[in-house]
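A.B. asks: Please read through the structure below; I'll follow up with questions.
Protein chains in written order, with the numbering used here: chain B, 1 to 464; chain V, 1 to 464.
Shown next, in the form of structure tokens:
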């Protein structure tokens, strides 16, 4: 615009952007000036006639811009006192995004923190292909609010997959899609509390985050004993539910003992309690077939929970629960009437499973993780033969037993050498009924292939 | 065992009972899986070689078990298509997916229910392009659990977009990504309740689902008066927060009156209360610039809430809130420590916005909806000249005033003719402080283009 703003009574230079139309540019410039405080509250603006003359534009354009800003609350117009900048304080904008921190000496270069698969191996090309096929065939109605349980396509694909690969007895109608395991546990916490449950037993070893989610729902989470046979489900009494990792105890890495599988099912049948089966990495077993899902033994008493966080990537935020039919309505009510999981990812995962890409991905991942596990156990046997490696049959982590009292110093030493490690004590229930044990929970799935050898070497260097 | 789970075929979970011989046990297990439907008809079984390797038994044993079951009719073996579960009736699973209902006489063919954009116009090709670009450039770490606020990429893209298009004062650090508006309202309900707030004022007209979400968080939701100037924010007193649709009242279709914009901000400043600004369709204004966001006036007291449900599709389940910085930690705590929104969709939307595809889509949608609105108002003026059309300046719906006492009969008549309509009474607060009014809330964004003309004609036929 050729002419600066004159005749304001204040010395102010405005530059209405010319591209988006006179009125829009004028409105934007005035709003900006008011917002930043360049036009002080109470400032009287020129009459529309005089400003229009100054700017060489139609009076109506100015009047409309003023009206817009009055409507938005930036200006006030009073008969007899003209148009003024509204009288209100303008606070400073909120806290800016913190800048990424500089690398500190000893900040981790490598990580063996458990809980993540190798994210660099996410099958991007295959996933995009599945997304394209899914979007090409989905009817437009699929993009609406949809079924609160999740899309029919994904529930159908999962029912087939879980029956085939995990021995789960599921039909599509009793599956609820969730934004990962945490979301499912939140829903179940709400549902159990609404049913009058007060107590959910948990394992002596497990994720603190999971206990916290249950406690946030108003539930207490006492610990079950853990002995040389693993979690002792025989100790269950009047609790309303129990949270277990039957196929692969996290973090100890063993399957639930057969007697104790039977015991927990009998307990649930006898007392009407519910078993929450966290099947977080059931796909990964190396030496023989995976342990079948507990749910297959008692579909009426077990909620089977699964996720793509270990088989694909946590960032997908896709999980599922297979809910006993009588509880389905309550679970859906606790989830909310509107599905909280994106339809496009759900349709893509359904296509990914039914096309066979999921099986192919899991099988190839299983081979790669098995090789890592073999390299890890061989390296430890070679370099630190005193250390006992356990929980090797399945999953993406192993337990390395340490001499008593050394856990935190090993972790500290690793941190100084740029390797992030996690100790068993991080996963110990505050009232654990178990022998204290010093150990590392080594998530060998975490590094990308390119960093694996160096990460393993870094681990061997810090082992006592 | 020579080979672990080989990387071909499908995963199959079997538990052969060991006591009665390998072949017998395997045969029984497979038969049982087929009989109970756990292996669906048509499921392709692994080759005998691969299953033998998986189970660590002789290939011949598997081949013989397969042959037995083919002989019994449970399996079929075809040259070139492998061994599959035979195609036969399987006992119905416990709670089958309800079959799509037959069309009843009068079941809707056309819909003008508000709340949805034209889903057939979802930009599938552009979206997939953005997904491909986003996945091609994302570092693998982006696929992990991530920031509980949502991805930095999307928060940065939104901060720029909201400032430019809606006059919102936002920085990426104070934006929280949500699974749509409902999820955001749930989070805010939890947060407000945790702050000790008991009461959130709502409008006399609005969505019952929203009030229900607040009530589920333990809040009461009294109604603000609604008069000829719209919602009266001057009536706010000691409530801890208010939920408003300032840019475009839903369902009445008017912007919040300038005096009342000022009043609500002054009230929030004076009492320390919070304004929840539901900016559900702020992108769509036809006659002049959109009314700017209320948040721009008081970023310290207003939570600005937006969504892609009207601009793209509800099935994306992507929304956002701009939170005053002092409340950010509480909002994140109420959302949960793990992000509940899929990373891939977030990265795709960020790319969609920064590439300009979002603006292009919104502009072209605006033109199409404007044409529909013009056609609708012209048709009503021509065919039912007694009916007053209001709320036409913006959004995806208009209000058609009806003669007193006729609302439900018009909706009923429409239903019989296959047209789904919604009345204003569906959106009236149970304690509304407002003149009762008979009207239709006509969501002209809902039908696909192909059905628009017929839908409009169907509407005209049922108008009194």
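Built from N, CA and C at the ideal position, the CB exists for glycine as well.
1) Answer with buried or exposed for residue 267 of chain V, where buried requires no fewer than 16 other C-beta atoms within 10 angstroms of its C-beta.
2) Please specify which runs of the alpha helix (DSSP H), each continuous and at least 4 residues long, are wholly inside the segment 192-250 of chain V, giving them in chain order.
3) Just mark residue 48 of chain B as buried or exposed, buried being the case when its beta carbon has 16 or more other beta carbons within 10 Å.
4) Check for me: the beta strand (DSSP E) holding residue 476 of chain V runs from which residue to which?
5) Could you pull the start and end residues of the beta strand (DSSP E) that residue 439 of chain V belongs to?
6) Keeping to the same chain, check which residues put their C-beta closer than 7 Å to that of residue 200 of chain V; ignore five residues upstream and five downstream.
7) Within its chain, find whatever has a CB closer than 8 Å to the CB of residue 253 of chain B; leave out the 5 residues flanking it on each side and keep chain order.
8) Could you check where the beta strand (DSSP E) with residue 78 of chain B kicks off and where it finishes?
9) Anything in chain B within Cβ reach of residue 183 of chain V, meaning under 9 Å, just list it in chain order.
10) Which of the three DSSP states is assigned to residue 57 of chain V in this structure?
11) Under DSSP, the alpha helix (DSSP H) around residue 330 of chain V begins and ends at which residues?
12) I need the DSSP call for residue 40 of chain V, collapsed to helix, strand or coil.
13) Quick one: is residue 250 of chain B near chain V, going by C-beta distance under 8 Å?
14) Within 10 Å of its beta-carbon, does residue 371 of chain B have 16 or more other beta-carbons around it, so buried, or fewer, so exposed?
15) Are the segment 269-283 of chain B and the segment 299-315 of chain B touching by the rule of at least three beta carbon pairs closer than 8 Å?
16) If we define contact as Cβ-Cβ less than 8 Å, is residue 146 of chain V a contact residue for chain B?
17) Sorted by chain position, which residues of the same chain lie with C-beta nearer than 6 Å to residue 233 of chain B's C-beta, five sequence neighbours on each side aside?
18) In chain B, what lies closer than 7 Å to residue 43 of chain V by C-beta?
19) What is the rounded straight-line gap between the Cα of residue 375 of chain V and the Cα of residue 123 of chain V?
20) Identify the contact partners of residue 141 of chain V in chain B, using a Cβ-Cβ distance below 7 Å as the criterion.
21) Starting from residue 84 of chain V, trace the beta strand (DSSP E) in both directions and tell me its first and last residue.
22) Starting from the Cα of residue 456 of chain B, find the closest Cα among B/373, B/426, B/430 and give me that residue.
23) Taking Cβ positions, are residue 419 of chain B and residue 407 of chain B nearer each other than 8 Å?
24) Give me the subset of the segment 120-131 of chain B whose CB atoms are less than 7 Å from a CB atom of chain V, sorted by chain position.
25) Residue 154 of chain V lies in the alpha helix (DSSP H); which residues open and close that run?
26) Can you say whether residue 443 of chain B is buried or exposed, counting buried as having 16 or more other CB atoms within 10 angstroms of its CB?
27) Skipping 5 residues on each side, what residues in its chain have a beta carbon closer than 7 Å to that of residue 84 of chain B?
28) Determine whether the Cβ of residue 304 of chain V lies closer than 8 Å to any Cβ atom of chain B.
29) Between which two residues does the beta strand (DSSP E) harbouring residue 277 of chain B extend?
30) So, helix, strand or coil for residue 394 of chain V, using DSSP?
31) Return the CA-CA distance between residue 14 of chain V and residue 36 of chain V, expressed in angstroms with no decimal places.
32) Of all the residues that make up the segment 60-86 of chain B, which are near chain V by a beta-carbon distance shorter than 8 Å?
33) Is there a Cβ of chain B sitting closer than 8 Å to that of residue 265 of chain V, yes or no?
34) Return the CA-CA distance between residue 150 of chain V and residue 156 of chain B, expressed in angstroms with no decimal places.
35) Find the residues of chain B that neighbour residue 403 of chain V, judging by a C-beta separation of less than 7 Å, and give them in chain order.
C.D. replies: From the atom records:
1) If you number the second chain from 1, residue 267 of chain V lands on position 267. Counting Cβ neighbours within 10 Å, residue 267 of chain V comes out buried, since at least 16 surround it.
2) 208-216
3) The residue given as residue 48 of chain B occupies position 48 in the first chain. Burial call: buried.
4) Outside the displayed range of chain V (1 to 464) lies residue 476 of chain V, so it cannot be described from this structure.
5) Along the second chain, one-based indexing puts residue 439 of chain V at 439. Where residue 439 of chain V is concerned, the enclosing beta strand (DSSP E) stretches over 439-443.
6) To locate residue 200 of chain V, count along the second chain from 1; it is residue 200. 192, 214, 219, 221, 239, 240, 241, 242, 243, listed in sequence order.
7) In the first chain, residue 253 of chain B corresponds to position 253, counting from 1. Result list for residue 253 of chain B: 390, 391, 392, 393, 394, 395, 397, 398, 399, in chain order.
8) Here residue 78 of chain B refers to the residue found at position 78 when the first chain is read from its first residue. 75-78 is the extent of the beta strand (DSSP E) around residue 78 of chain B.
9) Residue 183 of chain V sits at position 183 when you count from the first residue of the second chain. Under the 9 Å cutoff, chain B gives 336, 338, 340.
10) The residue you call residue 57 of chain V lines up with position 57 of the second chain. Residue 57 of chain V: coil per DSSP, three-state reduction.
11) As a position in the second chain, residue 330 of chain V is number 330, starting the count at 1. Here the alpha helix (DSSP H) through residue 330 of chain V covers 328-335.
12) Within the second chain, the letter at position 40 stands for residue 40 of chain V. Reduced to three states, the DSSP call for residue 40 of chain V is coil.
13) As a first step, residue 250 of chain B is located in the first chain; it is residue number 250 there, counting from the start. Residue 250 of chain B does not count as touching chain V.
14) Translated into the one-based positions of the first chain, residue 371 of chain B becomes position 371. Under this definition residue 371 of chain B is an exposed residue.
15) yes
16) Taking the second chain and counting its residues from 1, one reaches residue 146 of chain V at position 146. So yes, residue 146 of chain V belongs to the interface.
17) In the first chain, residue 233 of chain B corresponds to position 233, counting from 1. Excluding residues within five positions, the ones whose Cβ falls inside 6 Å are 260, 263, 264.
18) If you number the second chain from 1, residue 43 of chain V lands on position 43. Those within 7 Å of residue 43 of chain V in chain B are 164.
19) Here residue 375 of chain V refers to the residue found at position 375 of the second chain. Here residue 123 of chain V refers to the residue found at position 123 of the second chain. Roughly 24 Å separates the two Cα atoms.
20) Locating residue 141 of chain V in the second chain gives position 141, where the first residue counts as 1. Correct list: 119.
21) Counting from 1 along the second chain, the entry for residue 84 of chain V is found at position 84. Here the beta strand (DSSP E) through residue 84 of chain V covers 82-85.
22) As a first step, residue 456 of chain B is located in the first chain; it is residue number 456 there, counting from the start. The shortest C-alpha separation from residue 456 of chain B is found at B/373.
23) Your numbering for residue 419 of chain B matches position 419 in the first chain. Your numbering for residue 407 of chain B matches position 407 in the first chain. The answer is no: Cβ separation not under 8 Å.
24) 120, 122, 124, 128, 131
25) As a first step, residue 154 of chain V is located in the second chain; it is residue number 154 there, counting from the start. 152-166 is the extent of the alpha helix (DSSP H) around residue 154 of chain V.
26) Residue mapping note: residue 443 of chain B aligns to position 443 of the first chain, counting from 1. Under this definition residue 443 of chain B is a buried residue.
27) Mapped onto the first chain, residue 84 of chain B falls at position 84. So the qualifying residues of the chain are 42, 43, 44, 45, 75, 76.
28) Residue 304 of chain V sits at position 304 when you count from the first residue of the second chain. Answer no: the Cβ-Cβ gap between residue 304 of chain V and chain B never drops below 8 Å.
29) For the purposes of this step, residue 277 of chain B is taken as residue 277 along the first chain, with counting starting at 1. That run of the beta strand (DSSP E) goes 274-278.
30) As a position in the second chain, residue 394 of chain V is number 394, starting the count at 1. Note: residue 394 of chain V maps to strand in three-state DSSP.
31) Within the second chain, numbered from 1, the residue matching residue 14 of chain V stands at position 14. Within the second chain, numbered from 1, the residue matching residue 36 of chain V stands at position 36. Between residue 14 of chain V and residue 36 of chain V, the C-alpha separation is close to 13 Å.
32) 64, 68, 70, 71, 72, 73, 74, 76, 86
33) Stepping through the second chain from its first residue, residue 265 of chain V is reached at position 265. Chain B contact via Cβ: present.
34) For the purposes of this step, residue 150 of chain V is taken as residue 150 along the second chain, with counting starting at 1. For the purposes of this step, residue 156 of chain B is taken as residue 156 along the first chain, with counting starting at 1. Distance between the alpha carbons of residue 150 of chain V and residue 156 of chain B is about 29 Å.
35) For the purposes of this step, residue 403 of chain V is taken as the residue at position 403 of the second chain. Near residue 403 of chain V there are no residues of chain B at all, since even the closest Cβ is about 32 Å away, more than 7 Å.
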